[in-house]
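Chains as they are written, first to last, in the working numbering: chain P, 61 to 400; chain G, 21 to 160.
Structure below.
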């Protein structure tokens, strides 16, 4: 009995008294944009897939398999680590939701493999992920930061920064190709899944960056100077690795230069989110990729109302009048669908 | 939210004030209200919605609004920086620029040139150019 007396009472999550001015907004954003890959009919792309060249198929599948590994890392290590080390019930809830979204992304990539590949090809791709040196270097580097026992402001900031690096920059070597094809009207259902994932990651990258900015503000000047230098070094190391990885992934389809530009562009977005100096000059991204991002939803399924051009369906409560209409002799089934 | 609009505004201010006769004041709309004409710079959240703080500000102080700049994220495709389109349409003012995060050097040029032009036009009138202000709204 006496052992319980010194325990801090455990509190409940009070959404009426937010811990900050933004976490609730992010949580609501996530619940409104929640989607599942089963809602997008991937089989629509099956014929297009067969019409792609060998090199095109190779790049597409290996790009997405690499992303699967990175999303698995975020869902399994990144988000749980940040959640564990971040104060506040609402903030923890937001981070846990983000972790769940990462797992949904990983499942999406796996469903793509299942839809388009034979079991043998599938096994080959998962083995490739386990042995691809640049991918494993990137994962190992990020994992080491997440597992670093330093939980000072600086240590936490570093963990948040590598999480943002994944979300905002290091995924983009993989995102390039599906966007490039979707921008030409090829593999559009899978392209829609990629777009949904990109929108999720874009918001995750902003949320964690806001937490990181708070930690940065709490550091003294010397720590901030150290943090900036560490950021530059880390960015250069991971950028060089991305360049090498892109050369492996994209040499066969002749797009290496465009992918590098896309990665630099996104590293600049990362710097903006973190309120740090941009590492690269202003550049335009490939217009076909931009078009792939602009692609409006292809899933015209009224009842699920998902896809990147839809918001979640809105619901209106039943009223007296609905019941009266139902009993006044009309076909009940009509009353059910009349609210469109 | 992440300070992109604030950084962009500071960059534009530095650039515009390099032109003789142009004075630009940057106000944080959570703390101050512009007294004369102003250019609104706002972020966009979600699927291109006008942020609540920005909408609330405009409901009361739209009289001096002369133009809008919206910052957003290129990931949103057709909805990228859409808040700017909404404001532009609703208040009948030009969307001076749509910027990705804190914008590029070319974006800063565009907006600084627009501000300089506005200052010149205002100078011809007796009200004086100090009424031209640049302001931004952020999530509080």
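Yeah, the Cβ is synthetic: ideal placement off N, Cα and C, and Gly gets one too.
In this text, all values refer to a predicted model and were calculated from it rather than measured experimentally.
Start-to-end residues for the beta strand (DSSP E) that takes in residue i
i             : result
residue 90(G) : 85-92
residue 59(G) : 58-63
residue 47(G) : 46-48
7 angstroms Cβ cutoff met for residue i and residue j
i              : j              : result
residue 155(P) : residue 172(P) : no
residue 108(P) : residue 240(P) : no
residue 28(G)  : residue 122(G) : yes
residue 84(G)  : residue 54(G)  : yes
residue 309(P) : residue 119(P) : yes
residue 326(P) : residue 232(P) : yes
residue 275(P) : residue 207(P) : no
residue 38(G)  : residue 64(G)  : no
residue 104(P) : residue 249(P) : yes
residue 130(G) : residue 36(G)  : no
residue 115(G) : residue 77(G)  : no
residue 186(P) : residue 319(P) : no
Extent of the continuous alpha helix (DSSP H) to which residue i belongs
i              : result
residue 118(G) : Residue 118(G) -> not in any alpha helix (DSSP H); beta strand (DSSP E) instead, spanning 115-120.
residue 214(P) : 213-225
residue 354(P) : 347-354
residue 77(G)  : 72-81
residue 53(G)  : That residue, residue 53(G), is in no alpha helix (DSSP H); it is neither H nor E in DSSP.
residue 107(G) : 102-111
residue 126(P) : 114-133
residue 86(P)  : 83-93
residue 28(G)  : 24-36
residue 66(P)  : Here residue 66(P) belongs to no alpha helix (DSSP H), and DSSP marks it neither H nor E.
Cβ-based neighbour list, residue i, same chain, cut-off 7 angstroms, excluding 5 preceding and 5 following
i              : result
residue 272(P) : 217, 220, 221, 224, 334
residue 70(G)  : 103, 106, 107
residue 85(P)  : none
residue 291(P) : 221, 336
residue 270(P) : 82
residue 266(P) : 333
Rounded straight-line distance, which links the Cα of residue j to that of residue i
i              : j              : result
residue 293(P) : residue 339(P) : 11 angstroms
residue 98(G)  : residue 88(G)  : 18 angstroms
residue 32(G)  : residue 103(G) : 20 angstroms
residue 41(G)  : residue 128(G) : 18 angstroms
residue 184(P) : residue 68(G)  : 41 angstroms
residue 93(G)  : residue 62(G)  : 12 angstroms
residue 299(P) : residue 132(G) : 33 angstroms
residue 180(P) : residue 117(P) : 15 angstroms
residue 322(P) : residue 247(P) : 20 angstroms
residue 143(P) : residue 303(P) : 31 angstroms
residue 80(P)  : residue 72(P)  : 16 angstroms
residue 92(P)  : residue 260(P) : 11 angstroms
residue 175(P) : residue 352(P) : 21 angstroms
residue 134(P) : residue 69(P)  : 31 angstroms
residue 243(P) : residue 354(P) : 8 angstroms
residue 384(P) : residue 377(P) : 14 angstroms
residue 296(P) : residue 283(P) : 20 angstroms
residue 96(G)  : residue 253(P) : 14 angstroms
Sequence-distant residues of its chain with Cβ nearer than 8 angstroms to residue i (five each side left out)
i              : result
residue 307(P) : 316
residue 169(P) : 124, 125, 127, 128, 131
residue 343(P) : 321, 324, 325
residue 89(P)  : 263
residue 106(P) : 175, 176
Own chain partners of residue i with C-beta closer than 6 angstroms, once the 5 adjacent residues on each side are dropped
i              : result
residue 268(P) : 220, 223, 224
residue 264(P) : 158, 227
residue 129(P) : 189
residue 120(G) : 94
residue 204(P) : none
residue 305(P) : 194, 233
residue 111(G) : 82, 85
residue 165(P) : 131, 257
Any non-hydrogen atom of the ligand COA closer than 6 angstroms to residue i Cβ
i              : result
residue 169(P) : By its list of ligands, the structure shown contains no ligand whatsoever, and the ligand COA lies outside what it can speak to.
Exercise. Mind pulling the alpha helix (DSSP H) runs of 4 or more residues that sit fully within the stretch 153-207 of chain P?
Worked result: 179-191, 193-207
Exercise. Hey, which unbroken runs of the alpha helix (DSSP H) at 4 residues or more fall wholly within the stretch 283-341 of chain P?
Worked result: Qualifying alpha helix (DSSP H) stretches, in chain order: 316-334.
For this session: Ignoring anything shorter than 4 residues or poking outside the stretch 242-278 of chain P, list the alpha helix (DSSP H) runs there in chain order.
Result: 248-278
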